[in-house]
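Undergrad: Converting from the sequence shown to my numbering requires adding 133 to each position, the first position being numbered 1.
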Amino acid sequence: MPDLLSTYEAVVTADRQRIPVDFPRLTVFLDRIGRPEGTAWTPLTPTGGGVLADCLGVARRRACGTRNTPCT
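#1: For residue 151, name the three-state secondary structure that DSSP assigns.
#2: Going by DSSP in three states, residue 182 sits in which element: helix, strand or coil?
#3: Return the chain-ordered list of same chain residues with a C-beta closer than 8 Å to the C-beta of residue 138, the five sequence neighbours on each side being excluded.
#4: Could you name the residues that DSSP lists as bridge partners for residue 171?
#5: Tell me whether residue 152 is buried or exposed, calling it buried when 16 or more other Cβ atoms sit within 10 Å of its Cβ.
#6: Where residue 198 and residue 144 are concerned, what is the direct C-alpha to C-alpha distance, given to the nearest angstrom?
This is the structure in structure tokens:
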């Protein structure tokens, strides 16, 4: 089961190593972890994961929207 932290780290590593990222699949994952009160850590989590999860989710969404910029 993918989780937000592992996904974040994998995308940052891929970016640093210049490995292509499947942004459409990443977007699907991010859509699955979105909750009304924030970003969940996994697709099975019923509620948001707090401020850190929200920050990581926003950073990944920005990377998907600006594919030519480095991930942060």
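For each residue, glycine too, the CB sits at the ideal point set by N, CA and C. Everything numeric in this text was worked out from a predicted model, so none of it was measured.
TA: In short:
#1: Correct three-state label for residue 151: coil.
#2: In the displayed model, residue 182 falls within coil according to three-state DSSP, outside both helix and strand.
#3: For residue 138, where only same-chain residues beyond five positions count, the Cβ hits under 8 Å are 174, 189.
#4: According to DSSP, which records beta bridges pairwise, residue 171 is partnered with 168.
#5: Result: exposed.
#6: Taken atom to atom, the span from the alpha-carbon of residue 198 to that of residue 144 is near 14 Å.
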